[in-house]
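In my numbering, the protein residues as written are 140 to 476.
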Ligand code: NAD
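The structure is reproduced here in structure tokens:
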């Protein structure tokens, strides 16, 4: 049975990198069909809302969405569409691979790790923020639940198991934040005991930051709570050359949304120089999720080959002289060889 993917082209450079990505998916003959849906500025123009109900219905129906970056208008009272989608579909796992690619400006080679960030609780509660004392004191609640911790840690171990990964590191601050972070660590230890074949390591978040910068190769899968995950996953993107190559997946029980981590880059929109790699890598993650790992690997290996051998086809941010379209063309040629 063919899988339909809800596709949000997105704002700014979104349509350019999405067209390039769909061209590559078509060349791979993945048997996917697409339903194009509106979100972001396009939706605001057409429907008067950043994410219309019809788009939510399509994501719910198909269970899978590929999303270009969206612009959230600033200072007009709109809340982030990405946060809205996460809440609406209870997308509890934010999964961000950090993989080294050739020709990138980065400190290390051969990094291949994944951060799994809890996406729905922790320090990210909209109802846990309060200003008191005439605006002179800010209160932010951190809420961690056993159920939320169990599902994210289990997700990390299952991901490790299914991908032949050897180690899961739980990052926490249980020594100081004894309640919420302490609960997360307790749960992580319990779940880890169910997976004796996978090495379990626990690490305090400040040490984890230092270790990631000094010796990142020791990490395989990192699982952590919302705020630490937000920070650590960007740190990991920095280790492999920045957001241009950073894909992300937001996964729930009923839906999964795959996206580039970077934004809509309005400064280069329409210039045809946007790097499509992050969205292509998100599409590869989507194929993994759909059980088409060989095709996902083909995209990752193809990107590696193009970056290594076709500098004329690579976008300027990666030091090349090509365009979004030439990159896609070079990748398609590689895949069809
Ligand atoms: P940005 O990621 O859009 O851009 C930061 C810098 O990186 C810019 O110089 C841009 O040109 C460059 N850049 C980003 N992606 C690139 C690519 N694929 N190829 C080449 N260069 C690239 O961040 P920003 O400027 O802070 O945000 C712009 C808009 O994007 C805002 O409206 C913000 O709300 C939105 N945003 C959306 C998402 C998302 O939908 N996931 C994430 C972050 C920001």
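All C-beta atoms in this analysis are idealised placements derived from N, C-alpha and C, irrespective of residue type, glycine included.
In this text, all values refer to a predicted model and were calculated from it rather than measured experimentally.
Which value, in whole angstroms, describes the spacing of the CA atoms of residue i and residue j?
i	j	result
residue 299	residue 253	9 Å
residue 241	residue 450	11 Å
residue 267	residue 224	19 Å
residue 148	residue 155	8 Å
residue 258	residue 343	19 Å
residue 279	residue 347	24 Å
residue 261	residue 411	39 Å
residue 452	residue 239	19 Å
residue 281	residue 329	22 Å
residue 331	residue 318	20 Å
residue 435	residue 277	45 Å
residue 326	residue 438	36 Å
residue 256	residue 335	22 Å
residue 306	residue 381	24 Å
residue 286	residue 264	16 Å
residue 339	residue 350	16 Å
residue 441	residue 420	11 Å
residue 237	residue 341	20 Å
residue 184	residue 333	51 Å
residue 194	residue 182	9 Å
residue 404	residue 312	35 Å
residue 227	residue 392	12 Å
residue 269	residue 275	11 Å
residue 247	residue 354	9 Å
residue 358	residue 272	44 Å
residue 170	residue 218	35 Å
residue 352	residue 186	45 Å
residue 476	residue 469	11 Å
residue 314	residue 443	41 Å
residue 447	residue 196	41 Å
residue 176	residue 222	18 Å
residue 454	residue 445	11 Å
residue 427	residue 374	24 Å
Would you kindly check if the distance between the Cβ of residue j and the Cβ of residue i is under 8 Å?
i	j	result
residue 385	residue 376	yes
residue 323	residue 288	yes
residue 363	residue 309	yes
residue 188	residue 151	no
residue 471	residue 163	yes
residue 168	residue 201	no
residue 245	residue 360	no
residue 499	residue 425	The question about residue 499 has no answer, for the chain in this structure spans 140 to 476.
residue 138	residue 192	Only positions 140 to 476 of the chain appear in this structure, which leaves residue 138 out of reach.
residue 474	residue 159	no
residue 399	residue 417	yes
residue 234	residue 370	no
residue 190	residue 144	no
residue 415	residue 463	yes
residue 409	residue 456	no
residue 213	residue 178	no
residue 368	residue 208	no
residue 422	residue 205	yes
Could you tell me which residues DSSP pairs with residue i in its beta bridges?
i	result
residue 205	146 and 397
residue 271	276
residue 311	343
residue 237	252
residue 546	No statement about residue 546 is possible, as the shown extent of the chain runs from 140 to 476 and does not include it.
residue 232	257 and 390
residue 88	Beyond the ends of the chain as shown, which are 140 and 476, falls residue 88; an answer cannot be given.
residue 460	Note: residue 460 sits in no beta bridge, so no partner.
residue 306	338
residue 282	261
residue 362	255 and 309
Of the residues the options, which one's Cα is nearest the Cα of residue i?
i	options	result
residue 294	326, 351, 232 and 281	232
residue 407	143, 179, 153 and 144	153
residue 297	320, 337 and 264	337
residue 229	144, 448, 272 and 198	198
residue 301	443, 432 and 444	432
residue 172	182, 161 and 179	161
residue 304	422, 176, 251 and 444	251
residue 413	422, 374 and 458	458
residue 356	249, 469 and 186	249
residue 316	290, 291, 292 and 283	283
residue 292	444, 365 and 222	365
Is any beta-carbon of chain B found at less than 8 Å from that of residue i?
i	result
residue 158	Although the question refers to chain B, the structure presented lacks it and comprises just one protein chain.
### Task
Taking 5 Å as the limit, tell me which residues put their C-beta closer than that to any heavy atom of the ligand NAD, in chain order.
Those residues are 208, 209, 210, 211, 401, 402, 403, 404, 406, 407, 413, 414 and 456, given in chain order.
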